[in-house]
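S.K.: Below are the structure tokens for one structure; questions will follow.
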Amino acid sequence: MKIFTYVMFVVIAALIIFNVTMLDFNNLFQGDSLIALISIVALLCGVCILLIYRTSKIIQNKTK
Numbered sequence: 133m134k135i136f137t138y139v140m141f142v143v144i145a146a147l148i149i150f151n152v153t154m155l156d157f158n159n160l161f162q163g164d165s166l167i168a169l170i171s172i173v174a175l176l177c178g179v180c181i182l183l184i185y186r187t188s189k190i191i192q193n194k195t196k
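Here it is as structure tokens:
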């Protein structure tokens with residue numbers, strides 16, 4: 133499961149980089165920039181979920 137989380141971190145990082153390239157900083161809240169911005173926020177939420185999951189697994193292993 134540790135490998136899965138690392139792979140997911142790499143995939144999320146790649147998607148964030150891709151979405152940052154899609155941003156138009158002159159019109160940030162219009163068109164494709166808005167979609168890229170929403171995607172970046174969703175991917176950051178995914179990172180938070182993975183970090184919480186990883187922390188819970190570490191705590192679970194220490195309590196055994």
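Numbering-wise (this note's numbering), the sequence shown opens with residue 133 and increments by one. Glycine included, every Cβ here is placed at the ideal spot set by N, Cα and C. Quick caveat: nothing in here was measured; it's all calculated off a predicted structure.
Do N151 and L197 count as a contact pair if the criterion is CB distance below 9 angstroms?
M.R.: The first residue shown for the chain is 133 and the last is 196, placing residue 197 beyond what the model contains.
S.K.: For the alpha helix (DSSP H) containing Q192, list its first residue and its last residue.
M.R.: Here the alpha helix (DSSP H) through Q192 covers D164 to T195.
S.K.: Note the first and the last residue of the continuous alpha helix (DSSP H) segment covering L147.
M.R.: First-last of the alpha helix (DSSP H) with L147: K134 to M154.
S.K.: Buried or exposed for A168, going by 16 or more other Cβ atoms inside 10 Å?
M.R.: Answer is buried; the Cβ neighbour count reaches 16.
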